[in-house]
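Per numbering that gives the first Met the number 0, the very first residue in the sequence shown carries number 0; after that it's consecutive.
Glycine included, C-beta positions come from ideal geometry on N, C-alpha and C.
Just below is one structure, and these are the notes that go with it.
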Amino acid sequence: MKIFSKRQLTLLISFGFILNGCAPSNIQINQEPGSNVFISPKMRDANLIPASQNLKKFPNKIAILLPLSGDYQRQGESVLNGFLGAHYSLSPENQEVENISVYDTQKYEDVKDAYDEAVTDGAKFIVGPLLQKSVNQLTQKIAFNVPVLALNSTEANNRIIGLYQFSLSSIDEVISTSNKVISDNNKIGIIIVPDNTLGLQLKEIYKTTFESMGGMIIDDQFYDPEKQDYTEELKDVLIIENSEKRHRRLSANLNEFLAFNPRRRQDIDFIFLLATDTTNAKLLKSQLKYHLSGDEPIPVYSTSNIYSFNDDLSDLNGITFTDAPWVIDQQSWLENLPSIIRKYWPGNTTQSRQNAMGYDAYFLISELSNIRNYSMNEFNGATGQLFMDYDLKIRRRLAWAKLVNGNLEIEDKNIQE
0 MKIFSKRQLT LLISFGFILN GCAPSNIQIN QEPGSNVFIS PKMRDANLIP
50 ASQNLKKFPN KIAILLPLSG DYQRQGESVL NGFLGAHYSL SPENQEVENI
100 SVYDTQKYED VKDAYDEAVT DGAKFIVGPL LQKSVNQLTQ KIAFNVPVLA
150 LNSTEANNRI IGLYQFSLSS IDEVISTSNK VISDNNKIGI IIVPDNTLGL
200 QLKEIYKTTF ESMGGMIIDD QFYDPEKQDY TEELKDVLII ENSEKRHRRL
250 SANLNEFLAF NPRRRQDIDF IFLLATDTTN AKLLKSQLKY HLSGDEPIPV
300 YSTSNIYSFN DDLSDLNGIT FTDAPWVIDQ QSWLENLPSI IRKYWPGNTT
350 QSRQNAMGYD AYFLISELSN IRNYSMNEFN GATGQLFMDY DLKIRRRLAW
400 AKLVNGNLEI EDKNIQE
């Protein structure tokens, strides 16, 4: 356990939060809940007031439980960077928190012991843990005398009084994609997703959400993310084989070779492409571009998995994707904090999203400490527009960008419902 007073934290900020967060990590820490999640359709409103400009009273003693050693150290440090950055982004007169206690969850066999120790030490609000297995351990407690904002979600969809859950869930991104596609007036589409458990879950969530909004998914295609060649899968879902068969039949009848550009199916408005990472997205998009050549361009939508700071993204031109405002659409109220953290504690895009999570977690403390009847007003955060569902899970409406000539073009900066 480490306990830092405000003065001590100021010194730590000066020395780089005693964190480096420099090396990239591809460990995915957020796990997805079940597929029976539904969120009412709505687009993000970039004009909504952020919590930092509408402060409510903070508890004076806060504890944060994070993995600060072992396999998930960098993830924990990235969250802590954003959390402390949020604290020190406030003017001195607004810094009500007198004491922040930081607990390394890797030092405890059971995270419930870390929670109990934080309560004994006088914490009035607890943030964390970060890993899903730790959140699952914590849910076994009978009661939460001190409220908790867990930084991950359980698989169960049930309300646990005193336990709020906040994760960087792919579910929020998939639902945001449904909203965006409808707002762009695209109604009929196909889905291309990885052939794994998460791909199946997200496909079902997307289909259910999109069709509840009046759209229609008329086909889907699973692919093996370990493969390099997706010719068979793409030709199948685009129904290019029918065009090729017609060409072969006509050439045979005329007994001569005819110039030919295969044509895709003409009954869709868009493609939703779910990739596992930037490399996988480049493979899929380049092959998709080849099979769509000669046809009118068709909109392709995706999630934050395709985007990485440090890659040449020209192969992804034309894709519209969703991500955290901290990453792609930094608002003025963030006061250059994302750029400052990236400059002095560089990391990969995933770590930047975790910085944003820490930032939002800090301001969620203020919101959740003052709610009535378990109802929270929506506000703009670094990870998206935040609101709370019935199960006390914090959900996100995200920002949008399109890749043009390898660069980002921000979309829907001022969109409102």
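Go through the stretch 267 to 313 residue by residue and report every complete run of the alpha helix (DSSP H) that reaches 4 residues or more, in order.
For secondary structure counted as the alpha helix (DSSP H) over 4 or more consecutive residues, the stretch 267 to 313 holds these complete runs in sequence order: 277 to 291.
C-alpha distance - Asn59 paired with Pro146, whole-angstrom precision
One C-alpha to the other measures close to 14 Å.
Rounded C-beta distance between Gly214 and Lys186? I'm assuming under 8 Å.
The beta-carbon separation of Gly214 and Lys186, rounded to 5 Å, stays under the 8 Å limit for a contact.
Since Trp325 is in the beta strand (DSSP E), which residue starts that stretch and which ends it?
Annotation for Trp325: no beta strand (DSSP E) segment contains it, though the alpha helix (DSSP H) segment containing it runs 324 to 327.
With DSSP run on the structure shown, which of helix, strand or coil describes Tyr229?
In this structure, Tyr229 counts as coil in the three-state DSSP scheme.
Environment of Pro91 [buried if 16+ CB atoms lie within 10 Å]:
With fewer than 16 other Cβ atoms within 10 Å, it is exposed.
Just confirm the distance between the C-beta atoms of Ile217 and Ile267, as a whole number of angstroms; I'd bet it's less than 8 Å.
Contact flag correct, Cβ pair sits at about 7 Å.
Inter-stretch contact (C-beta, 8 Å, three-pair minimum) for the stretch 55 to 72 and the stretch 96 to 108:
Using a C-beta cut-off of 8 Å, the stretch 55 to 72 makes contact with the stretch 96 to 108, since at least three inter-stretch Cβ pairs fall below that distance.
Under 8 Å between C-beta atoms of Ser313 and Gly405
At the C-beta level, Ser313 and Gly405 come within 8 Å of one another.
Kindly list the residues whose CB is nearer than 6 Å to the CB of Asn354, restricted to its own chain and excluding five residues on each side of it in sequence; keep chain order.
The residues are Ser77, Asn80, Gly81, Ile340.
For the putative contact between Leu336 and Gly84, defined by C-beta atoms under 8 Å, what is the C-beta separation to the nearest angstrom?
At roughly 5 Å, the Cβ-Cβ gap stays under 8 Å, so Leu336 and Gly84 are in contact.
Contact check, Ile305 vs Ala323, beta carbons under 8 Å
It is not a contact, given that the beta carbons lie outside the stated cut-off.
Tell me which residue opens and which closes the beta strand (DSSP E) that Gly188 is part of.
Element bounds for Gly188: 187 to 193.
Residues near Asp194 in its chain [Cβ-Cβ closer than 8 Å; skip 5 each side]:
Excluding positions up to five away in sequence, the list reads Phe221, Tyr222, Asp223, Pro224.
Ala398: first and last residue of the uninterrupted beta strand (DSSP E) it sits in:
From DSSP, the beta strand (DSSP E) with Ala398 extends over 398 to 403.
Beta strand (DSSP E) runs wholly inside the stretch 155 to 190, at least 3 long, in chain order
Listed in chain order, the beta strand (DSSP E) elements of length 3 or more contained wholly in the stretch 155 to 190 are 162 to 165.
Near Ala274, which residues of its chain fall below 7 Å by C-beta distance, leaving aside the five closest residues on each side in sequence?
Within its own chain, the residues whose Cβ lies closer than 7 Å to the Cβ of Ala274, once the five positions on either side in sequence are excluded, are Ala280, Leu283, Ser301, Asn304, Ile305, listed in chain order.
CB-CB under 8 Å to Gln52, same chain, minus the five flanking residues each way: which ones, in chain order?
So the list reads Trp332, once near-sequence residues are dropped.
Going by CA-CA distance only, name the one from Leu407, Tyr361, Leu367 that's closest to Gln94.
Nearest of Leu407, Tyr361, Leu367 to Gln94, Cα basis: Tyr361.
Rounded separation between Ser250 and Glu210 - CA only
With a pLDDT of only 46 at Ser250, under the threshold of 50, the placement of this residue in the model should not be trusted; the figure read from the coordinates follows. Each residue's Cα considered, the two are about 41 Å apart.
Determine contact between the stretch 386 to 398 and the stretch 157 to 168, defined as no fewer than three beta-carbon pairs at a distance below 8 Å.
Verdict: yes, contact present.
Simplified DSSP state of Pro337, which is helix, strand or coil:
Secondary structure of Pro337 (DSSP, three-state): helix.
May I have a chain-ordered list of the beta strand (DSSP E) segments no shorter than 3 residues that lie completely inside the stretch 108 to 133?
Fully enclosed beta strand (DSSP E) runs of 3 or longer: 124 to 126.
Spatially closest choice to Lys206 from Phe271, Met387, Asp183, by CA coordinates:
Cα-wise, what sits closest to Lys206 is Phe271.
In or out: Ser285 buried (at least 16 other Cβ within 10 Å) or exposed?
Burial call: exposed.
For Thr349, count neighbouring C-beta atoms within 10 Å of its own C-beta (all shown protein chains included) and say buried if the count is 16 or more, exposed if not.
Thr349 should be labelled buried.
Report buried or exposed for Lys342, applying the criterion of at least 16 other Cβ atoms within 10 angstroms of its Cβ.
So Lys342 counts as exposed.
Could you tell me the alpha carbon to alpha carbon distance between Pro23 and Gln72, rounded to whole angstroms?
Annotation note: pLDDT 28 at Pro23 (below 50); position unreliable, no value reported.
Can you give me the C-alpha to C-alpha distance between Asp388 and Gln329, rounded to a whole angstrom?
Spanning the two alpha carbons is a distance of roughly 25 Å.
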